[in-house]
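As structure tokens, the structure follows; a few thoughts come after it.
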Amino acid sequence: MKKILSLLVLLVTFASCEEDVKFNNPAVQGLKDDELWRAAQYTATRETDNSLTIVATNGFEILTLRTASVDPGVYDLGVNEQNKATFSVSVDGIEQNYQTGTDLGDGKIEITVEDTDMAQGFITGTFRFNAVEDDGTVLNFRNGVFYRVPIQPVGQ
């Protein structure tokens with residue numbers, strides 16, 4: 001009887017264990033002012049000058065990351081206009097636009113070698129930045145990741 005009871009408890013224990021694993025592959029996400037921000041749609045475009053533009057949106061917010069090249073490496077923000085991060089919010093006719101640029105904001109975009117494959121057409125990396133609105137308000141993004149985002153060929 002003890003064996004049957006032990007077997008029954010063990011069976012109930014294993015039957016009640018369920019894991020709902022949700023993979024976020026590909027993805028663009030990060031902590032925007034310490035709250036998780038995740039894109040519902042995203043694209044990466046390799047331009048004719050070999051620069052990269054990633055656009056990610058969740059409906060009313062648009063994140064744009066630009067680097068001077070698609071080559072793996074670290075691209076500093078707040079130094080020039082070639083490497084730039086922008087974040088736009090448009091709700092009920094009110095728009096807010098935050099950006100980095102020459103002597104404006106700071107941060108980094110890193111394109112990593114791991115999980116980036118230009119031949120198969122996807123790119124991976126990390127980002128963090130402080131972007132500034134016209135009124136001086138600062139928006140902070142940290143622990144940002146773009147993972148295996150498909151790259152659109154030039155001219156599409």
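For the sequence shown, the UniProt record's numbering begins at 1 and goes up steadily by one.
By construction, the Cβ of each residue, glycine as well, lies at the ideal position given by its N, Cα and C atoms.
- Contact between the stretch 62-75 and the stretch 103-123 is present, with at least three C-beta pairs closer than 8 Å.
- At a Cβ-Cβ threshold of 8 Å, G93 and F129 do not count as neighbours.
- Taking all protein chains in view, the Cβ of F60 is surrounded by fewer than 16 other Cβ atoms within 10 Å, so the residue is classified as exposed.
- Selection N97, G144, I151 and P150 evaluated against G30 yields G144 as nearest (Cα-Cα).
- Selection Y98, N80 and A56 evaluated against D134 yields Y98 as nearest (Cα-Cα).
- DSSP, reduced to helix, strand and coil, places A119 outside both helices and strands of the structure shown, so it counts as coil.
- One thing to note: N83 has its Cβ no nearer than 8 Å to the Cβ of I123.
- As the crow flies, the alpha-carbon of N80 is around 13 Å from that of A131.
- A residue is called buried once 16 or more other Cβ atoms fall within 10 Å of its Cβ, and G136, having fewer, is exposed.
- The residue among F87, V149 and P150 with its C-alpha nearest the C-alpha of D33 is F87.
- Cβ neighbours of A85 within its own chain (closer than 8 Å, five residues either side excluded): L63, T64, L65, R66, L77, Q99, T100, G105, G107, I109, F127, F129, A131 and F141.
- Closest in C-alpha terms to L36, from the list N58, Q152 and Q120, comes N58.
- Here A40 is exposed. Its C-beta has fewer than 16 other C-beta atoms within 10 Å.
- With distances taken between CA atoms, I151 lies nearest to T45 out of I111, T45 and S90.
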